[in-house]
Amino acid sequence: MFRLIALSLELEDECFDNLASDPDDLSHRGPPAPSDPSKRTRGVGAHTDFGALTLFLQDEVGGLAVLDKSTGSWHAVAPIKGAYVVKAGDLMRES
Numbered sequence: 644m645f646r647l648i649a650l651s652l653e654l655e656d657e658c659f660d661n662l663a664s665d666p667d668d669l670s671h672r673g674p675p676a677p678s679d680p681s682k683r684t685r686g687v688g689a690h691t692d693f694g695a696l697t698l699f700l701q702d703e704v705g706g707l708a709v710l711d712k713s714t715g716s717w718h719a720v721a722p723i724k725g726a727y728v729v730k731a732g733d734l735m736r737e738s
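First residue of the sequence shown? That's 644 in our numbering, and the numbers climb one at a time after it.
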């Protein structure tokens, strides 16, 4: 995934290799979601992700929103069942 991002940005394909060189750098968070959508109640408040990439597998429940910093407005991300949302985290910010 990192190499695809680098290539899409016209960077050297190895430029992000240091972000995933150690197996401990890669992690999965949270238990599997319940199959009954009415029981999917986990969530967190406004935050940034401290890692490099976060992959969200979409379902029919949704709940992901993004903040437009220029207006202070939150915008819901419409879920597309079976699609992934790829979110760049804090480690991907340019210093």
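For each residue, glycine too, the CB sits at the ideal point set by N, CA and C.
I need the DSSP call for S738, collapsed to helix, strand or coil.
Bear in mind that the predicted position of S738 carries a pLDDT of just 36, short of 50, making it unreliable; the figure below should be weighed with that in mind. When secondary structure is reduced to three states using DSSP, S738 falls in the coil class, being assigned neither helix nor strand.
Whether L707 touches V720 by CB criterion (8 Å):
Cβ distance < 8 Å, so L707 and V720 count as in contact.
Taking the Cβ atom as the reference point for each residue, do L696 and Y727 lie within a distance shorter than 8 Å?
Not a contact, by the Cβ cut-off of 8 Å.
Between which two residues does the beta strand (DSSP E) carrying A708 extend?
Where A708 is concerned, the enclosing beta strand (DSSP E) stretches over A708 to D711.
On the CB-based measure, 16 or more other CB atoms within 10 Å of its CB, does S693 come out buried or exposed?
Sequence inspection shows Phe at residue 693; the Ser mentioned does not correspond to that position. Around the beta carbon of F693, fewer than 16 other beta carbons sit within 10 angstroms, so the residue counts as exposed.
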